[in-house]
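Engineer: Numbering (this note's numbering), first residue to last: 13 to 146. The beta-carbon is built from N, C-alpha and C at its ideal position, and this holds for glycine as well. Being a predicted model, the structure only gives us computed values, none of them experimental.
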Amino acid sequence: MKAERIIPILRIFDYQKTKEFYVDWLGFEIVWEHYFDENTPVYMEVKRENIIFHLSEHHGDGTPGTRVAVWGEGVPQYHKELIDKKYKYNRPGLEKTFYGAVSFTVIDPFGNKITFEEEYNEEKHKDLEFYSHD
Numbered sequence: 013m014k015a016e017r018i019i020p021i022l023r024i025f026d027y028q029k030t031k032e033f034y035v036d037w038l039g040f041e042i043v044w045e046h047y048f049d050e051n052t053p054v055y056m057e058v059k060r061e062n063i064i065f066h067l068s069e070h071h072g073d074g075t076p077g078t079r080v081a082v083w084g085e086g087v088p089q090y091h092k093e094l095i096d097k098k099y100k101y102n103r104p105g106l107e108k109t110f111y112g113a114v115s116f117t118v119i120d121p122f123g124n125k126i127t128f129e130e131e132y133n134e135e136k137h138k139d140l141e142f143y144s145h146d
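(1) Check each candidate in E32, K14, A15, M13 and name the one with the smallest Cα separation from F122.
(2) Quick one: is W37 buried, meaning 16 or more other Cβ sit within 10 Å of its Cβ, or exposed?
(3) Assign Y143 to one of three DSSP states: helix, strand, or coil.
(4) Less than 9 Å between the beta carbons of E69 and P53, yes or no?
(5) Check whether the Cβ atoms of Y90 and F128 sit closer than 9 Å, and answer yes or no.
(6) Tell me the DSSP bridge mates of E126?
(7) Roughly how many angstroms lie between the CA atoms of G105 and E50, to the nearest whole one?
(8) According to DSSP, is K100 part of a helix, a strand, or is it coil?
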């Protein structure tokens with residue numbers, strides 16, 4: 013089997029906080045929203061470039077605290093974009109991991125963690141300032 017797409021489903025609880033975090037801060041766009049009836053939970057798709065998440069208020073769709081790793085290019089630039097927005101609830105540090113990645117993790121209002129990672133390259137990343145756990 014060859015996968016064409018993998019779309020994590022993340023549990024959310026509050027539409028406004030979801031929009032503030034995923035759209036206003038992370039820069040995703042809402043592709044679509046679905047409600048089974050009036051006054052029912054939302055199930056939605058958000059997208060930024062080729063990163064897609066499904067976000068669900070339905071109690072059976074996922075567990076708060078899920079962790080997702082997103083590998084790609086442009087991680088330091090994306091990190092700077094987010095830090096420059098001065099989002100009051102989340103200011104992640106840029107890290108060089110033990111497994112050779114430039115990485116940062118954001119935590120949504122519902123405890124889900126999304127780690128954005130790029131393969132570390134000495135020449136490309138030599139001038140970056142990394143957060144240290146020491």
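Structural biologist: Well, looking at it:
(1) Nearest option by C-alpha distance: E32.
(2) Only buried fits W37, as 16 or more other CB atoms lie within 10 angstroms of its CB.
(3) Looking at Y143 - three-state DSSP - the assignment turns out to be coil, as it is neither helix nor strand.
(4) Between E69 and P53, the C-beta spacing is below 9 Å.
(5) Yes, they are a contact pair.
(6) Here residue 126 is Ile; the residue named in the question, Glu, does not match the sequence. I126 pairs with V80, V118.
(7) Roughly 41 Å separates the two Cα atoms.
(8) Coil, per DSSP.
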